[in-house]
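A.B. asks: The structure follows.
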Ligand SMILES: Cc1cc2nc3c(=O)[nH]c(=O)nc-3n(C[C@H](O)[C@H](O)[C@H](O)COP(=O)(O)OP(=O)(O)OC[C@H]3O[C@@H](n4cnc5c(N)ncnc54)[C@H](O)[C@@H]3O)c2cc1C
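Numbering (the working numbering), first residue to last: 10 to 711.
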């Protein structure tokens, strides 16, 4: 320790991605032990919305499907550093971040055709240059100009691939010959697209001074010519039509960017956040068909972007969506998506826990924050947190520390239920079925009050926005910015289900490589083939495929506004009903051989040891599903007109408190792991000036 100063005691509340990142940054060896960090987490495990647990047969039970994107530079950097620092253990199987994450380059979007049938647009994204978390090239690669240029180049590539589609069709019929002839006739468009790219290069300096009328005209005339030549050619042709949809959307983006003078606007993409993404594209000429394409629906699905969980109310701030799309498609490295080699708890939160423990971070599990109390207001003084009140949900026998992990064949993992044997009166707690992670669970073994000066110096509030009114009402009352944030930054409940099946995906009738599919029918619009997890679980050859599904859940106001146990049970029952109906009615589109004339073949579902299989629909009860309705578990939305109300971890409205979570202003502002990690890094910066802001990739993104 430099000097004889005692370390600054930091109370980190909540163990999600964001606050674990803050703890990681504050306790890096380079910080020289300046911060003495204690994490307070309700229940028995870390992870929050990214938590997972091991259930019967070691099956992985997730809060919801999680995939990482190849542009998550901050999140991958965190995991790379974390794996580099893991305590040596010869029994450990995942010792390097690349054991924990594997490329998932195949994606598909589902599209409903005019005749009501579904078609799938599958794409294999080539490996991007380098790996996520590698040092970035000199200078920021993330500029509006760079994106516009890449968009124009992509139009050329898509036109070429459209021609490739025609050529690849083999022996031409008179009809395809005619169409090919028309496409070849559209060769002028290639040239025009090249001219467009050159124009963007040439006019960008002008665009930096004001909206470029010339460029807008050029884009508009190109779009009109392209629409005239291509729209009729591709009518009724799935593959070509989908390519046209993307070209059409890119043209709308280019037009909008040029018209709004986006390259010169200091707000960058945020300048259009008052609009909904579809609305903005429509204003800039995108066709209704493109706006309703599977590609567009997939974007809304991935971001759970439905206000009030109502699929009739898709709403996503245009700037956030545009930035996200540009980062996703143009800046990914290694692979467009990455999937985890086991549960998110196992590959992300166990290593973080172990490294933080090794560094001396203390963990207080079963500590549920009840209230953040401010010192009485005094003129001229920045308000500060005076005390933190917790429910102690359970006590550890002998007063020791709860040991949360179990070893699953060399993978330190979180169990799906607490290890009651470590808890005082554990058998009784187990019998009573305490729901330690549930908002409605009020039973406790005691209380604890931490006081500023005596127990902590600084607070990192890492619970999610949905929980803020419940645990920090004084902060909301005292500061108008907090009140506005709570009013405008909305969240939605989500639903998730996982099934384990006795036949392979090929046998079920899905002939393609393992893919992530979005844009499918509600109530489960997103599906991922998770068969790679079979060897991580313990099925003795009984399971041949695993599938995860998720989606929003309609937001229903509980009776009397109270999230009671009964309400939560009803929501869970609703998800079960949705899942059963979906398997019976809709799954045949994805897996035609999983159904017969009567509906889903229920015996396909593999029941784990100790859970009764049941017959018919009842067999679904042996699978896993969840209704994520607890306030902190709700997914954070980026609604049009809401972004300006987000507070940043750098906005120290209270003298000794900062915030960490994907609901804060980070420069990315989406409900995703990368945003959470960026927020955690910003919170660490607010406290320690480390990491430097320029090291937080994308923080200063346009
Ligand atoms: C179904 C679903 C699927 C998703 N899929 C993806 C995906 O594929 N890719 C992606 O990038 N992102 C995905 N996300 C988003 C991602 O999970 C979140 O962005 C991220 O986990 C948020 O981390 P956080 O730290 O901000 O919040 P949280 O994870 O919510 O962490 C909050 C923490 O606070 C704790 N807490 C709450 N209240 C209290 C209290 N009173 N006392 C003590 N502790 C408390 C919670 O238990 C939790 O540990 C998904 C989200 C959901 C819901």
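Built from N, CA and C at the ideal position, the CB exists for glycine as well. Here the structure is a predicted model, which is why all the values come from computation and not from measurement.
Looking only at its own chain, which residues have a Cβ that is under 8 Å from the Cβ of residue 383, when we skip the five neighbours before and after it?
C.D. replies: Translated into the one-based positions of the chain shown, residue 383 becomes position 374. 392, 393, 394, 395, 483, 484, 487, 663.
A.B. asks: Could you check whether the Cβ of residue 602 sits closer than 7 Å to any heavy atom belonging to ligand 1?
C.D. replies: Numbered from its first residue, the chain shown carries residue 602 at position 593. Every heavy atom of ligand 1 is 7 Å or more from the Cβ of residue 602, so no.
A.B. asks: Would you grab the beta carbon distance between residue 519 and residue 588 for me? Rounded to a whole angstrom, and I think it's under 8 Å.
C.D. replies: Counted from its first residue, the chain shown places residue 519 at position 510. Counted from its first residue, the chain shown places residue 588 at position 579. About 18 Å separates the two Cβ atoms, so there is no contact after all.
A.B. asks: Here's a check: name, in chain order, each residue in its chain whose Cβ is nearer than 6 Å to the Cβ of residue 584, leaving out the five neighbours to either side.
C.D. replies: Indexing the chain shown from 1 puts residue 584 at position 575. 504, 634, 636, listed in sequence order.
A.B. asks: Skipping 5 residues on each side, what residues in its chain have a beta carbon closer than 7 Å to that of residue 140?
C.D. replies: Numbered from its first residue, the chain shown carries residue 140 at position 131. Within the same chain, residue 140 has close Cβ partners 342, 343.
A.B. asks: Among residues of its own chain, excluding the 5 on either side of residue 554, which ones have a beta-carbon nearer than 6 Å to its beta-carbon?
C.D. replies: Locating residue 554 in the chain shown gives position 545, counting from the first residue. So the list reads 510, 513, 514, 540, once near-sequence residues are dropped.
A.B. asks: Can you give the Cα-Cα distance for residue 697 and residue 659, rounded to whole angstroms?
C.D. replies: Translated into the one-based positions of the chain shown, residue 697 becomes position 688. Translated into the one-based positions of the chain shown, residue 659 becomes position 650. Straight-line Cα distance between these residues: approximately 11 Å.
A.B. asks: For the stretch 39-53 and the stretch 293-311, state whether three or more C-beta atom pairs, one from each stretch, are separated by less than 8 Å.
C.D. replies: Contact between the stretch 39-53 and the stretch 293-311 is absent, because fewer than three Cβ pairs lie under 8 Å.
A.B. asks: Grab me the residues of residue 14's own chain with a C-beta within less than 6 Å of its C-beta, minus the 5 sequence neighbours each way, in chain order.
C.D. replies: Here the question's residue 14 lines up with position 5 in the chain shown. Hits under 6 Å: none found.
A.B. asks: Nearest-angstrom Cα distance between residue 367 and residue 97?
C.D. replies: Reading the chain shown from its first residue, position 358 is the one you call residue 367. Reading the chain shown from its first residue, position 88 is the one you call residue 97. For the pair residue 367 and residue 97, the Cα-to-Cα distance works out to about 11 Å.
A.B. asks: Give the range of the alpha helix (DSSP H) segment to which residue 121 is assigned.
C.D. replies: Residue mapping note: residue 121 aligns to position 112 of the chain shown, counting from 1. In the DSSP assignment, residue 121 falls outside any alpha helix (DSSP H) and lies within the beta strand (DSSP E) extending over 115-121.
A.B. asks: Residue 28 and residue 353 - do their beta-carbons sit closer together than 8 Å?
C.D. replies: The residue given as residue 353 occupies position 344 in the chain shown. The residue given as residue 28 occupies position 19 in the chain shown. Their beta carbons are not under 8 Å apart, which means residue 353 does not touch residue 28 by this criterion.
A.B. asks: Applying the criterion that 16 or more other CB atoms from any shown protein chain within 10 Å of the CB defines a buried residue, is residue 549 buried or exposed?
C.D. replies: As a position in the chain shown, residue 549 is number 540, starting the count at 1. That one is exposed.
A.B. asks: Across which residues does DSSP place residue 410 in a beta bridge pair?
C.D. replies: Taking the first residue of the chain shown as position 1, residue 410 is located at position 401. Partner(s): none; residue 410 has no beta bridge.
A.B. asks: Runs of 3 residues minimum, wholly inside the stretch 14-60: which ones carry the beta strand (DSSP E) assignment?
C.D. replies: 17-22, 44-49
A.B. asks: Would you be able to state if there are at least three C-beta pairs under 8 Å between the stretch 620-635 and the stretch 527-545?
C.D. replies: no
A.B. asks: Just the C-alpha distance for residue 529 and residue 461, rounded to the nearest angstrom, thanks.
C.D. replies: Residue mapping note: residue 529 aligns to position 520 of the chain shown, counting from 1. Residue mapping note: residue 461 aligns to position 452 of the chain shown, counting from 1. Each residue's alpha carbon lies about 51 Å from the other.
A.B. asks: According to the neighbour-count rule (16 or more other Cβ atoms, all chains shown, within 10 Å of its Cβ), is residue 586 buried or exposed?
C.D. replies: Here the question's residue 586 lines up with position 577 in the chain shown. The residue in question, residue 586, is exposed, as its Cβ has fewer than 16 Cβ neighbours within 10 Å.
A.B. asks: Let me make sure I understand the geometry here. Which of 23, 17, 16, 19 has the alpha-carbon closest to that of residue 378?
C.D. replies: Here residue 378 refers to the residue found at position 369 of the chain shown. Cα-wise, what sits closest to residue 378 is 23.
A.B. asks: Starting from residue 687, follow the alpha helix (DSSP H) in both directions and report where the run begins and ends.
C.D. replies: Locating residue 687 in the chain shown gives position 678, where the first residue counts as 1. That run of the alpha helix (DSSP H) goes 682-697.
A.B. asks: By the three-class DSSP mapping on this structure, what secondary structure does residue 393 have?
C.D. replies: Taking the chain shown and counting its residues from 1, the one referred to as residue 393 is at position 384. Coil, per DSSP.
A.B. asks: Enumerate in chain order the residues of its own chain whose CB-to-CB distance from residue 376 is below 8 Å, with the five nearest sequence positions on each side excluded.
C.D. replies: Your numbering for residue 376 matches position 367 in the chain shown. Answer for residue 376: 49, 50, 51, 399, 400, 401, 402, 457, listed in chain order.
A.B. asks: Decide yes or no for the touch test of the stretch 71-89 against the stretch 434-451: beta carbon pairs closer than 8 Å, at least 3 of them.
C.D. replies: no
A.B. asks: So, is residue 88 buried or exposed, given that buried needs 16 or more other C-beta atoms within 10 angstroms?
C.D. replies: Within the chain shown, residue 88 is the residue found at index 79, counting from 1. Per the 10 Å Cβ criterion, buried.
A.B. asks: If you draw a straight line from the C-alpha of residue 446 to the C-alpha of residue 592, how long is it?
C.D. replies: Taking the first residue of the chain shown as 1, we reach residue 446 at position 437. Taking the first residue of the chain shown as 1, we reach residue 592 at position 583. If you draw a straight line from the Cα of residue 446 to the Cα of residue 592, it comes to about 29 Å.
A.B. asks: Identify the continuous alpha helix (DSSP H) that holds residue 616 and give its terminal residues.
C.D. replies: Mapped onto the chain shown, residue 616 falls at position 607. First-last for residue 616: undefined, no H or E at that position.
A.B. asks: Spatial neighbours of residue 422 within its chain, please: CB distance less than 6 Å, with the 5 preceding and 5 following residues excluded, ordered by chain position.
C.D. replies: Walking along the chain shown from the start, residue 422 turns up at place 413. Around residue 422: 63, 355, 415.
A.B. asks: Can you name the residues that DSSP bridges to residue 557?
C.D. replies: In the chain shown, the residue the question calls residue 557 occupies position 548. The secondary-structure analysis by DSSP pairs residue 557 across a beta bridge with 507, 537.
A.B. asks: Can you tell me the Cα-Cα spacing of residue 136 and residue 338, whole angstroms?
C.D. replies: As a first step, residue 136 must be located in the chain shown, where it is residue number 127. As a first step, residue 338 must be located in the chain shown, where it is residue number 329. When rounded, the distance between both Cα atoms is 11 Å.
A.B. asks: Could you pull out every unbroken alpha helix (DSSP H) segment of at least 4 residues lying fully inside the stretch 252-323, listed in chain order?
C.D. replies: 286-292, 297-300, 303-311
A.B. asks: Given a cut-off of 8 Å, decide if residue 575 and residue 638 are closer than it, judged by their beta-carbon atoms.
C.D. replies: Start at 1 with the first residue of the chain shown, and residue 638 comes out as number 629. Start at 1 with the first residue of the chain shown, and residue 575 comes out as number 566. Going by C-beta atoms, residue 638 is not nearer than 8 Å to residue 575.
A.B. asks: What is the C-beta distance between residue 158 and residue 420, in whole angstroms, given that I count them as a contact (C-beta under 8 Å)?
C.D. replies: Reading the chain shown from its first residue, position 149 is the one you call residue 158. Reading the chain shown from its first residue, position 411 is the one you call residue 420. The Cβ separation is near 44 Å, so there is no contact.
A.B. asks: Which two residues bound the contiguous beta strand (DSSP E) that contains residue 581?
C.D. replies: Your numbering for residue 581 matches position 572 in the chain shown. Secondary structure note for residue 581: it is in no beta strand (DSSP E), and the uninterrupted alpha helix (DSSP H) holding it is 574-594.
A.B. asks: Per the contact definition of three or more C-beta pairs closer than 8 Å, is the stretch 310-330 in contact with the stretch 274-288?
C.D. replies: Three or more Cβ pairs drawn from the stretch 274-288 and the stretch 310-330 lie within less than 8 Å of each other, which places the two stretches in contact.
A.B. asks: Return yes when at least one heavy atom of ligand 1 lies under 7 Å from the C-beta of residue 51, else no.
C.D. replies: Position 42 of the chain shown holds residue 51. Relative to ligand 1, the beta carbon of residue 51 is positioned inside 7 Å of a heavy atom.
A.B. asks: Mind checking which residues open and close the beta strand (DSSP E) that includes residue 2?
C.D. replies: Any property of residue 2 remains undetermined from this structure, which presents the chain solely from 10 to 711.
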